[in-house]
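A.B. asks:
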Amino acid sequence: MDYQDGNLTTLLLQKEKELQNLSKMRVMQLQEQLSSKDQTIFELEAQIRRLHDDFNYNLTLIQQRDEEIADLEEKINDMSFRNMGKSPMNTYWSQDEQASSGRLREIYIKDEELKNANDKILLLENKLKSVDEIEIQLQSAKSEISRLVFERDSEKEKNSELIENLNELKIRIEKEKNEVGRDWYMKERYYKENEEKLMKNKLDLEKENFEWKRKLNVVITERDIELEQIRNKHEIDMEHLNANKQAIIDNLNSDYKEQISKLQFQIKQLLEENSKNSQYIEQTNTQFFDNERRLTEEIYELRNDMTYKLNTIEQLKNALQNKSSELDNIKLQLEHWKNQANLKSEECLKIKQNQIKYQSKAEDLEKELISYKDFHLKEINNLTNEMQARIDAQQKQHFSDEKIIKKLEKDNKILSQRIENIEKHKQPHEYQEIVFELERARDEIFTKDRELNRVNKVLESIRKDKDKILQENQQFRDANVRLICDKKPADMYDKLQDIENNIGMIHNDISNIKQIKVMPFNYQNSRSKSVIGYNDTLSSNPDRTAKPSKILQVKKKLDRKFSKFDNF
């Protein structure tokens with residue numbers, strides 16, 4: 002029994018360690034995802050700064066080109082206005098025409114440069130659009146992070162529910178063990194074996210579920226190939242689980258079947274949720290690929306409003322600053338949660354160690370209490386047997402005394418006649434002796450009745466004490482069971498103190514009963530503190546069992562006296 006309880010405690014500790022490792026692994030994965038998202042955000046910010054610088058540089062070039070074109074247009078207008086008033090015979094016409102043609106070529110060159118600048122502006126607009134798309138992706142990634150955190154919390158809650166169900170099952174098994182009577186040990190062994198099988202199968206299921214989750218997290222990075230492998234392994238595991246489930250259902254009782262069905266329903270829900278998560282991961286992967294294709298296709302689209310884009314760039318800067326501050330806060334919260342989880346895990350380990358210590362101490366005290374109670378009951382049984390034997394002897398003696406009294410009553414008439422004869426013959430001395438003998442005989446009869454009543458009272462008090470001790474034995478056993486089932490170390494310590502006090506009370510009761518065994522007619526009850534004494538009767542008749550009855554002696558004396566009178 003102790004070995005099985007030790008196995009249960011070790012299995013529970015292993016389960017808690019696995020849950021802690023799972024939570025730590027989940028936190029590390031979330032931190033890695035956050036670090037990757039931080040890297041992408043940093044790269045996007047650098048790209049946005051670079052695009053903004055390019056845009057400002059191109060804008061200054063366009064302004065310079067616009068100023069140069071405006072100057073050239075003014076010069077052309079001036080030259081055309083001047084040439085309108087001159088005759089074609091002017092010798093300078095050819096020179097002005099050559100100069101104007103050269104300037105027109107420069108204008109064409111500037112116009113081409115302007116077109117190139119416009120093309121660059123369009124490219125910058127496309128890049129700004131890609132920045133917007135990246136911002137949308139960033140928002141989706143943050144929502145994915147929040148979803149992962151929510152999934153982690155839900156997994157913790159489900160694991161805690163499983164542990165509570167296991168604890169309820171254990172408490173129920175302990176209660177059922179206490180309700181069993183003489184066949185308690187055999188049924189306890191049977192229930193323990195079934196419980197160990199159930200716990201092992203549950204732990205196997207949870208370990209397989211843990212392995213599946215771990216592999217599912219690996220599948221997120223390894224894409225479709227590893228997903229297919231995990232699905233195949235999951236199908237094999239499900240077949241193995243179904244086989245184990247059928248074997249467990251055949252071996253367990255009807256009381257455990259309800260618990261098994263509930264746990265299996267919860268496991269199915271977890272598996273369905275895991276399959277839904279895998280489908281959701283596949284959908285997110287396909288959406289990610291579709292988004293990449295759309296980004297490559299839509300990267301060359303145009304945008305007309307430049308001023309609006311400047312405002313959008315400023316808004317993006319502000320939003321990125323806000324998001325970076327939010328990410329810093331999330332990092333701090335994750336660090337805080339990690340520290341809290343470590344502290345709670347250490348506290349749980351300490352509490353479990355204290356519980357194991359208190360449980361071993363409670364088992365030792367229970368063994369000592371059982372030994373004291375058995376000794377106590379043996380002493381009480383011996384005392385009751387001894388008192389019953391004495392009472393039977395007293396009743397037999399009383400029955401014989403009653404017969405003698407009846408015989409004496411029958412002889413009253415004869416005595417009265419003899420007394421009359423004694424009065425006639427005038428022998429008062431012998432008459433007084435006969436009267437004294439009769440009074441002594443009556444006193445002896447009265448003392449016999451009184452002793453018999455006292456013995457009956459002693460037997461009744463001993464029976465009451467025996468019933469009280471049996472009732473206290475049952476109460477101590479129930480208290481010990483509640484002590485083992487209790488989870489709080491402080492309450493366990495208080496109950497251990499109560500058990501030690503009760504053991505001290507039992508020691509006192511045993512010492513009192515030993516005194517009763519030595520002096521059976523000087524019985525002392527420790528609770529009522531009532532003393533019933535028989536020392537007078539024992540001191541007056543130390544060899545009572547060896548000598549004949551006092552009434553018989555008186556009768557013999559009277560017979561001798563009356564025989565003398567008859568002879569006279």
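For the sequence shown, the positions run 2 to 569 when this note's numbering is used. Note that beta-carbon positions come from the ideal geometry of N, C-alpha and C, so glycine has one too.
Confirm, please, whether the CB-CB distance from L23 to F211 is below 8 angstroms.
C.D. replies: A contact, by the Cβ cut-off of 8 angstroms.
A.B. asks: State the Cα-Cα distance for the pair E162 and E169, rounded to the nearest angstrom.
C.D. replies: For E162 and E169, the distance between alpha carbons rounds to 10 angstroms.
A.B. asks: Considering only the beta carbon of each residue, do T10 and I352 sit closer than 8 angstroms?
C.D. replies: No, the Cβ-Cβ distance between T10 and I352 is not below 8 angstroms.
A.B. asks: Taking all protein chains shown into account, do 16 or more other C-beta atoms lie within 10 angstroms of the C-beta of R50, making it buried, or fewer, making it exposed?
C.D. replies: Exposed.
A.B. asks: Less than 8 angstroms between the C-beta atoms of E207 and K25, yes or no?
C.D. replies: Going by C-beta atoms, E207 is not nearer than 8 angstroms to K25.
A.B. asks: Out of E46, E134, Q21, point me to the one whose CA is closest to E158's CA.
C.D. replies: Checking every option, the nearest Cα to that of E158 belongs to Q21.
A.B. asks: For the candidate residues V28, E19, K18, whose alpha-carbon lies nearest to that of E336?
C.D. replies: Comparing Cα-Cα distances from E336 to each of V28, E19, K18, the minimum goes to V28.
A.B. asks: Rounded C-beta distance between L204 and L12? I'm assuming under 8 angstroms.
C.D. replies: About 6 angstroms separates the two Cβ atoms, so the contact holds.
A.B. asks: Here's the rule: buried if 16 or more other CB atoms are within 10 angstroms of the residue's CB, otherwise exposed. What is F43?
C.D. replies: By the neighbour-count rule (16 or more Cβ atoms within 10 Å), F43 is not buried but exposed.
A.B. asks: Look at the alpha carbon of F56 and the alpha carbon of E315, and state the distance between them as a whole number of angstroms.
C.D. replies: Taking the straight line joining both Cα atoms gives about 13 angstroms.
A.B. asks: Quick check: the Cα distance between S326 and Q341, rounded to an integer number of angstroms?
C.D. replies: Approximately 23 angstroms between the Cα atoms of the pair.
A.B. asks: Distance, Cα to Cα, E347 vs N355?
C.D. replies: E347 and N355: Cα-Cα distance of roughly 12 angstroms.
A.B. asks: What does the alpha-carbon distance come out to for the pair K379 and E387?
C.D. replies: Their Cα atoms are separated by approximately 12 angstroms.
A.B. asks: In angstroms, rounded to a whole number, what distance separates the CA positions of E364 and E283?
C.D. replies: In a straight line, the C-alpha of E364 is about 55 angstroms away from that of E283.
A.B. asks: Pull up the distance between the alpha-carbon of Q472 and that of D444, whole angstroms please.
C.D. replies: Answer to the nearest angstrom: the Cα atoms are 42 angstroms apart.
A.B. asks: Can you give the Cα-Cα distance for W94 and D67, rounded to whole angstroms?
C.D. replies: Bear in mind that the predicted position of W94 carries a pLDDT of just 45, short of 50, making it unreliable; the figure below should be weighed with that in mind. Looking at the two C-alpha atoms, the distance is approximately 29 angstroms.
A.B. asks: Counting only the same chain and skipping the five closest in sequence on each side, list residues whose C-beta sits under 8 angstroms from that of S88.
C.D. replies: Low confidence applies to S88: its pLDDT is 43, below 50, so where it sits in the model is not reliable, and the reading given next is rough at best. Taken in chain order, the list of residues that qualify is empty.
A.B. asks: Out of E197, D120, D291, which has the shortest C-alpha to C-alpha gap to I63?
C.D. replies: Residue D120 is the option with its Cα nearest to I63.
A.B. asks: Between the alpha carbons of L31 and L350, how many angstroms are there, rounded?
C.D. replies: Spanning the two alpha carbons is a distance of roughly 26 angstroms.
A.B. asks: CA-CA distance, D1 and E165?
C.D. replies: The chain is shown from 2 up to 569; residue 1 falls before or after that span and cannot be answered.
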